[in-house]
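Quick note: the sequence shown uses the numbering used here, first residue 165, plus one each step. Please read the structure below before turning to the comments.
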Amino acid sequence: MKTAVKVCKYLIVLLGAFIILMSFDSFDGTDSFWGMLLEFLMNSLPGIGLIGLTILLWKREMILGILLIFAGIGLFFLFKFYREFSEKWITMLVVEIPLLGSGTLFLFYKRAQLRKH
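Structure follows, in structure tokens:
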């Protein structure tokens, strides 16, 4: 289970890196350089926040798990996945499942650790 927790932490960091990578589409040449840079920073903030949160709470799986579950639920309503599910299932698979799955695994892992002691 400890290996699965480590894999999930790296998966969340990779998800943040993927969000940052997708933010590079703001450099399309339709705006000034500073406008494109500002758009890139705004689009990459969720990825930067996700990576920072994971690194900051690397040893605190309980808090990280709760925050990831809240982030997954919040993004479910923000992206309105409950509408037009057939069009958004890939985004849900890439974003929602890792957040909710990792958060749940972190909570179960921490609960198992607390039962041992």
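Just so it is clear, CB atoms sit at the ideal spot from N, CA and C, and this is done for glycine as well.
Check: Whether G267 touches L228 by CB criterion (9 Å); Outcome: yes
Check: Inter-residue spacing [alpha-carbon to alpha-carbon] between T218 and G236; Outcome: 14 Å
Check: Backbone CA spacing between E203 and G265 [nearest angstrom]; Outcome: 30 Å
Check: Pairwise C-alpha distance: G213 and R224; Outcome: 16 Å
Check: Length of the line joining the Cα atoms of R275 and I230; Outcome: 12 Å
Check: Spatial distance of F272 from L185 (CA atoms); Outcome: 31 Å
Check: Buried versus exposed call for L171 [16 or more other C-beta atoms within 10 Å across all chains shown]; Outcome: As written in the sequence, residue 171 is Val, which differs from the Leu given in the question. By the 10 Å Cβ count, V171 comes out exposed.
Check: Integer Cβ distance of A181 from G216, believed to fall under 8 Å; Outcome: Wrong, their Cβ atoms sit about 12 Å apart, outside the cutoff.
Check: Whole-number beta carbon distance between L257 and A168, since they are thought to touch under 8 Å; Outcome: Their Cβ separation, rounded to whole angstroms, is 19 Å, which puts A168 and L257 out of contact at 8 Å.
Check: Contact belief for P262 with L179 at Cβ below 8 Å, rounded distance in angstroms; Outcome: 5 Å
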